[in-house]
Amino acid sequence: MDYAQIYDWLNQQNPFLTSLGAIAAILGLVIPVNIWRKRRKKESNLSRTQTTTYTTQDNQVIAPVHAKDNAEVTQNFGNTYNYQGLSVDDARKMAMELAAELGEKDAQTIKSLQETIQALTKQNASQFDIQQALDLLVQGKTEKAEAIFVDVAAQARRKGKQANIEEAEALRHLGSLAFLHDTQKALNVYKRSTELDPDNPDGWNQLGHLYRRVGKLEDAEKAYMTVLELSHFDQVNQAVAYGNLGIVCQTRGELNMAIEYYQKALKLSQALGRKVGIACTYGNLGNVHRTRGELDTAVDYFQKALSIHKELGHKEGIASSYGNLGRVYRTRGEFDAAVENYQKALAIDIELGHKEGLAITYGNLGNVHRMRGDLDSAHKCHEKALELNKALGCKEGIARDYVSLGIVHEMRDELDTSVEYYQNALTIDTELGHKVGMANAYNSLGIVHERRGELDAAAEYHQMALTIDTELGRKGGIAASYGNLGNIYQARGELDSAVEHYQKALTIDTELGNKERMAITYSNIGNVFQIRGDLDAAVENWKKSLALFTEIGAQHQMAQVQSWLDEVLPEHSE
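Set out below in structure tokens:
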């Protein structure tokens, strides 16, 4: 979130919102600081593990872009110690306790809480039980503080139109608390704050985040465009707006436009020396290039982001970078390296209580378990991810998890259940305008129809996926669709067309270094040669497939291809 307007108001009100330290000072009367410090010591291109099918899905970490990094906030407050001698660092830790208690660890959310708690300490103690509200906040209970700001807003409303800004300010504080646990309540109060104070970019920026959370991308885009319009000569806000507009475009699959916005954000952040903004933008650019299959470029961006986050000690960013690197390794079939990076991300997300990061990492680990044939572990991981995303109200994540679970059920031959999951995902992704997700769901539905022998319907779904991925320039998705269409032609007995499509898929996947799908394609080409009676060519392609599946540790597929070799040429048995 951007709090430039809050700081302007702060300077006018002196010292109504000067420090989070006030809370620590009051709490210090009843709770020693050392007690609250210790309170909480408390993907990827998804491909079928069946050798005859292809699908893609991305578990992307898209880093939200916010206005102020830690150094800038300290400069704006301008004090080394605030309110009765408590240091700024200790005051911030108290806000971190509240955020962590409710599953949030984003730095900007914590800053919002700092300002909210500061405002709380400055309310009329004879009218409100401030001490009780503070005590409850330390326990992770926001209801009392929220009720106070409801009353403050109501009092301001009674004063007439001149009090609109004061009421909007109270609503933004109320929204920062509701943001942690009640999306709809937060959305309603932030929307009202923008009606009362339409020139405040912070209210619009946070409203955009909430619209994006609930899948209203057009409204999110309008909110972020309003931030841009209000920025004027404020380059920090301009970078924020461009970055968030890029996220909207990336969610829609408009990758060229996303890169354009990200590059604008990057240029501004570099000019400002704003390292958090630079790192987040590197991560988002890396995800766009990964989606396009430009893996070396993606790794370069992810490593740059990781280096900056480590320098800043920004743990959430470090976890995000490890997750992004893990997906590249998984795409390349380097499963051990992928798991190593996922486990690093998971450890940090558990430490931080970062639910969104945990959901993504569990999904990624589920993908690897599925590729290795461990369907029970895969199912457990995807269920954990789905549960977390439902708690967050993250529609894009829910759709992603539905596809993942659908694949697991399909591999168990539970086709009706898998179709139900795929249709649920498609409904959500269509509502979001999330083209990548739509393409994934179309490919998945096509595979089920193919398995049922409904080849015309299957071809139609795969063609819809191919159209979307071609529009996006999404190479991995294009290769998956070519492979799946090759399967349709093979099932129809149109072997020349089947090989043509398999070769197109193989060319792209070789370029991408996607060993999993290369192995699938070699096995399918081998099947065509077997049908034609050319056993030497069949064995040659199956051996290439087996070598690649062995390299990536795909046990289920290794056994299947080996069985074909054993049946045709027993002497090839191992």
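Note that the working numbering has the sequence shown beginning at 8, numbered continuously upward. All C-beta atoms in this analysis are idealised placements derived from N, C-alpha and C, irrespective of residue type, glycine included.
| query | result |
| --- | --- |
| Have a look at Leu194, Ile117, Gln257 and flag the residue whose alpha-carbon is nearest the alpha-carbon of Gly480. | Gln257 |
| Between Leu473 and the rest of its own chain, which residues show a CB-CB distance below 6 Å, the 5 nearest in sequence each way excluded? | Ser488 |
| Asp573 to Asp408, Cα distance in whole Å? | 37 Å |
| May I have the straight-line CA-CA distance separating Ser183 from Gln213, to the nearest angstrom? | 9 Å |
| According to DSSP, is Lys223 helix, strand or coil? | coil |
| Can you tell me which of Arg499, Tyr529, Asn494, His469 puts its alpha carbon nearest to the alpha carbon of Ile485? | His469 |
| In whole angstroms, what separates the C-alpha of Glu358 from that of Met103? | 12 Å |
| If you measure between the beta carbons of Ala392 and Tyr369, is that distance less than 9 Å? | yes |
| Hey, how far is the Cα of Met445 from the Cα of Thr298? | 14 Å |
| Which runs of the alpha helix (DSSP H) fall wholly inside the region 294 to 351 and span at least 4 residues, in chain order? | 302 to 319, 322 to 338 |
| With a 10 Å radius around its C-beta and 16 neighbouring C-beta atoms as the bar for buried, classify Asn263 as buried or exposed. | exposed |
| Taking three-plus beta-carbon pairs below 8 Å as touching, is the region 171 to 183 in contact with the region 117 to 127? | yes |
| Are the CB atoms of Val346 and Gly333 nearer to each other than 9 Å? | yes |
| Does the Cβ of Glu403 have 16 or more other Cβ atoms within 10 Å, making it buried, or fewer, making it exposed? | buried |
| Would you mind reading off the limits of the alpha helix (DSSP H) that contains Cys401? | It is not in any alpha helix (DSSP H) - Cys401 carries neither H nor E in the DSSP assignment. |
| Can you tell me the Cα-Cα spacing of Leu513 and Leu519, whole angstroms? | 10 Å |
| Quick check on DSSP: helix, strand or coil for Thr258? | helix |
| Run through DSSP, which three-state label would Thr81 get? | Residue placement at Thr81 is flagged as unreliable, the pLDDT there being 21, under the threshold of 50; a coordinate-derived value is accordingly withheld. |
| To the nearest angstrom, report how far apart Lys229 and Gly440 are at their CA atoms. | 15 Å |
| Just checking my contact of Asn251 with Gly215 at CB under 8 Å: how many whole Å lie between their CB atoms? | 6 Å |
| Output the distance between the C-alpha atoms of Thr288 and Leu273, rounded to the nearest integer angstrom. | 6 Å |
| Measuring only the C-alpha atoms, how far is Glu173 from Val247? | 25 Å |
| Could you check the C-alpha separation between Thr58 and Ser200 for me, to the nearest Å? | Since pLDDT at Thr58 reaches only 36, below the 50 mark, its modelled position is unreliable, and no value is offered. |
| Quick one: using the 10 Å Cβ neighbour count with 16 as the cut-off for buried, is Pro208 buried or exposed? | buried |
| Looking at the secondary structure, which residues open and close the alpha helix (DSSP H) in which Asn548 lies? | 542 to 559 |
| Please work out which residues of its chain come closer than 7 Å, Cβ to Cβ, to Lys362, disregarding the five sequence neighbours upstream and downstream, and give them in chain order. | Gly110, Leu395, Ala398, Leu399 |
| When DSSP labels each residue in this structure, what does Leu576 get in the three-state scheme? | coil |
| Which residues mark the beginning and the end of the alpha helix (DSSP H) in which Thr528 is found? | 522 to 539 |
| Ser570: buried (16+ other C-beta within 10 angstroms of its C-beta) or exposed? | exposed |
| Within its chain, find whatever has a CB closer than 7 Å to the CB of Asp436; leave out the 5 residues flanking it on each side and keep chain order. | Ala406, Gly444, Met445, Ala448 |
| Does DSSP put Asp142 in a helix, in a strand, or in coil? | helix |
| Residues in the same chain with beta-carbon distance under 6 Å from Leu422, minus the five sequence neighbours each way, listed in chain order, please. | Val455 |
| Could you spell out the range, first to last residue, of the alpha helix (DSSP H) harbouring Arg281? | No alpha helix (DSSP H) contains Arg281, which DSSP labels as neither H nor E. |
| Using 10 angstroms around the beta-carbon of Glu341, count the other beta-carbons present and answer buried if the total reaches 16, otherwise exposed. | buried |
| From this set, Thr233, Phe186, Leu235, Glu202, which residue's C-alpha is nearest Arg220's C-alpha? | Phe186 |
| What three-state label does DSSP hand Thr149 in the structure shown? | coil |
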